[in-house]
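Here's the structure we're looking at; comments come further down.
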Amino acid sequence: MIVIDNGTKSYDGSQNILKDISFSINSGDMIAITGKSGSGKSTLLNLIGQLDTFSSGSLFIKGIDTAHLNDKHRSKLRNELFGFIFQSYYLIPNTSVLENVILPLYYSNKKISYQIKLELVKKQLKSVDIEDLMYKKVDLLSGGEMQRVAIARSLINNPEIILADEPTGNLDKYNSQNVFDTLNTLNKTGKTIIIVTHDDSLASKCDKILRLNNGNLEDYI
Amino acid sequence: MSSIKKLIHITYISIESNIIFLSFAIISFVISYMLLTNTTISLNSSYINTYRQVQNFDDHLLILNNSVTYDIFYDIDSHAVFDYSPISEVMSNQIFYIDNVPYTITSNIKGVSNLYFSIGNPSNINNTYSFDKVKLLKGSIWGDNDDKIGSSVVIIDEFTSNYIYGTTESIGMTINLISTSGKREKFFVCGVVENSSTQNQLIKDLSHLDKNKNPHDYVKLQFYIPYYTYEQFLDTPDHLIDANQILFYTHNKEELSHLEESLIHYNLVNYVTQQRIEDIFNQNFKDDYLETISFIVIMIIISCTNMINVTLFSIKSRRQEIGIRRALGATRTNIYLQFTFEMIIFLLISGGIGISLSLFINMFQAYVFNNSFIILDLNSILIMFISTIIFGIIFGIIPSYKASKIKIAESLRLK
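Here's what the structure looks like:
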């Protein structure tokens, strides 16, 4: 599903953050990307999620060479193929849970009415058990609730691949377990999950672990 | 349609999420609009008031000379009656000045507030236009010979005769005028004419002012003397040559041209007709108009620069939000449209508030100070409003474009 071939990333021609990385991810995999701080984990996740582009090398997603995609196509991939979950949640402040979760639907090309959008939001919120928070401002939520909103938002367009960057980094043990369970459940429904984490215990629960060391691919088991 | 709905929803969420910050932007735009509206109102008011002043010239002449303003009444009935004397000076000192040359009035013409002279045309003595429409009650109009030799004869009107002599039977009576240079002249009354309509109107109008006072105390005594006599009496006929200009206005175009001819013939004054005033005004207006437009354009550009700054600052502080939106699938076009749409909404809201506030303040000011100088010209305000929105959109291109070019991964790393 995802194939990276000699992927290298550097900013402004400085030292390479990722060096000649090559690996592939199959559909339905649950992969943990681990490594020390600054090893390039988040950068790799951003590159896979089309938030950034490789300086050299190639990235194929579902057989498509992403190097030649224009902004519209990249945006479509981000909107429909990928669901993003971030450590800092990245919710839009001062807005409600509903407004945050519905946003990817507005950027989608699917022509669906507001009522259907609303139903989809309700469904997703229900799946993460925060249906009653729909009209609450996100600023008033706890960390765990915020992350569940972020998960609901990432799932609203029913993406095939979930990209989670330290999803449990700001959560307590209980909420971390909840988030992992949710991701695990999603994986079982056939979604590909890619998690960036420091947490070895979390990584060990994934199907595969991709270990980065100073921009190099150390292990992929 | 659905795209617009989407855009509205997205922008709504965007504004809602930045409501506090954007309130400052709106306040800033409101102030810009208020400044623009006030400038437009004051420029329009200045123009329209000037125009009104031009339009309000009414049946009289003004001589502007050495910063002294003289009123010269043009009596349509008798065509050629001038009053050169500044009324206030005559009233207070019994001295009147003609181009800074003082003249006194003899005591037997007590209460004279104004002195009238008629102008005859020596090159065409038979032209008796001066008294064509005046009805002679007693005596006679002076003859051609009187005009030629400058006889000291005077024609007075009914009111003047009654005022000085208590009767209209004043033929052969004398009136003395003495100039400060010592020249003394005795005038023989050769005719009494009916009051002019101007005189009658004046008596009628002034009688309403103070009912306890005799209206005759206010009105002008009228003396008509031959032009040559008038020249001799005043030592020199050139005294008016120094006059800078006469602003002339009358509804009676025929009489106007008649008088103009006379004035040109004697090279008495440089004169300006109402038409000329309008021409000058129109030319000035064109200059002012260009100046006004330039000023408003500069103001709009300043406001728009302000808008650009606010929007650029807004974008800088909203980079992470833009990154989140891009991560969720927003295209560059989506971001561009969102910011442009936001800009339009801000301009509409702040335009509405700013213009309304400004209008309200101006109307309130006009009401409190009873100031007719404030003129609310809605057309120009509307043009300004629309042009500002157009300018705003044009000037919004740069910030919106910058917003759309923000790198997602970098913006998400921002704390």
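Just so you know, the protein sequences line up as chains A and B, in that order.
Quick note on numbering: numbering that gives the first Met the number 0 labels position 89 of the first sequence as 88, and the sequence is numbered without any gaps.
Quick note on numbering: numbering that gives the first Met the number 0 labels position 302 of the second sequence as 301, and the sequence is numbered without any gaps.
Glycine residues also receive a C-beta, built at the ideal position from the N, C-alpha and C atoms.
Not one beta carbon of chain A lies nearer than 8 Å to the beta carbon of B/Gly350. If you draw a straight line from the Cα of B/Ile397 to the Cα of B/Ile323, it is about 21 Å long.
One Cα belongs to B/Ser386, the other to A/Ser175, and the distance between them is close to 55 Å.
In the pairwise beta carbon analysis, the segment 57-75 of chain A is classified as not touching the segment 201-211 of chain A: fewer than three pairs are separated by under 8 Å.
If you check the CB distance, B/Gly395 and B/Phe338 come in under 8 Å.
Shown here for B/Leu6: same chain residues with a beta carbon closer than 8 Å to its own, the five before and five after excluded, namely Leu336, Gln337 and Phe340 in chain order. A/Gly168 has no beta-bridge partner at all, per DSSP. Contact note: A/Glu98 reaches chain B through His8, Tyr11, Ile12, Glu15 and Ser16, using a C-beta cutoff of 9 Å and chain order. Contact of B/Thr387 with chain A by beta-carbon distance below 9 Å is absent, the smallest such distance being about 28 Å.
Counting only the Cα atoms, B/Phe28 lies some 8 Å from B/Asn305. The beta-carbon of B/Arg331 is placed less than 8 Å from the nearest beta-carbon of chain A.
Under the DSSP definition of a beta bridge, A/Lys136 partners with A/Ser95.
Using a C-beta cut-off of 8 Å, the segment 109-125 of chain A makes no contact with the segment 187-201 of chain A, since fewer than three inter-stretch Cβ pairs fall below that distance. For B/Glu320, at least one C-beta of chain A is nearer than 8 Å to its own C-beta. Under the three-state reduction of DSSP output, A/Glu217 falls in the strand class. Under a criterion of Cβ atoms nearer than 8 Å, the residues of chain A adjacent to B/Gly328 are, in order, Ser74, Lys75, Arg77, Asn78, Glu79, Pro103, Tyr106, Ser107 and Asn156. Taking the CA atoms as reference points, B/Ile334 sits about 30 Å from A/Lys125. Any Cβ of chain A closer than 8 Å to the Cβ of B/Leu411 would place that residue at the interface, and such an atom is present. Of the residues A/Val178, A/Tyr88, A/Tyr219 and A/Asp164, the one whose Cα lies closest to the Cα of A/His197 is A/Asp164.
Leaving aside the five residues that flank B/Met33 on each side, the residues in its chain whose CB is nearer than 7 Å to its CB run, in chain order, Gly353, Leu356 and Ser357. Contact annotation for B/Ala24 against chain A: no contact, minimum CB-CB distance about 15 Å [criterion: below 8 Å].
Contacts with chain B (Cβ-Cβ distance below 7 Å) from the segment 40-60 of chain A involve Asn45, Leu50 and Asp51, listed in chain order. Taking a cut-off of 8 Å for Cβ pairs, the segment 131-146 of chain A and the segment 157-173 of chain A touch, as three or more such pairs fall below it. The Cβ neighbour count for B/Ser316, taken over all protein chains shown within 10 Å, is under 16; the residue is labelled exposed. DSSP places B/Ile170 outside both helix and strand once states are collapsed to three, so it counts as coil.
If the five residues before and after A/Asn15 are omitted, its C-beta is found closer than 6 Å to the C-beta atoms of Thr7, Ser9 and Gly214, all from its own chain and listed in chain order. For B/Arg317, the secondary structure class from DSSP, reduced to helix, strand or coil, is coil. Just so you know, the alpha carbons of A/Gly56 and A/Ser21 end up roughly 9 Å apart.
Spanning the alpha carbons of A/Met133 and A/Leu140 requires a straight line of approximately 11 Å. When secondary structure is reduced to three states using DSSP, B/Phe363 falls in the helix class. For A/Lys121, the enclosing alpha helix (DSSP H) starts and ends at Tyr113 to Ser126.
Between B/Val192 and B/Val153, the C-beta gap is not smaller than 8 Å, which leaves the two residues out of contact. The segment 45-60 of chain A makes no contact with the segment 12-28 of chain B; the number of CB pairs closer than 8 Å stays below 3. Excluding residues up to 5 positions away in sequence, Arg210 lie with their Cβ nearer than 6 Å to the Cβ of A/Asp218 in the same chain.
When the Cα atoms are used, B/Ile407 and A/Ser36 turn out to be separated by approximately 20 Å.
Per the coordinates, the alpha-carbon of B/Gly328 lies some 31 Å from the alpha-carbon of A/Asp199.
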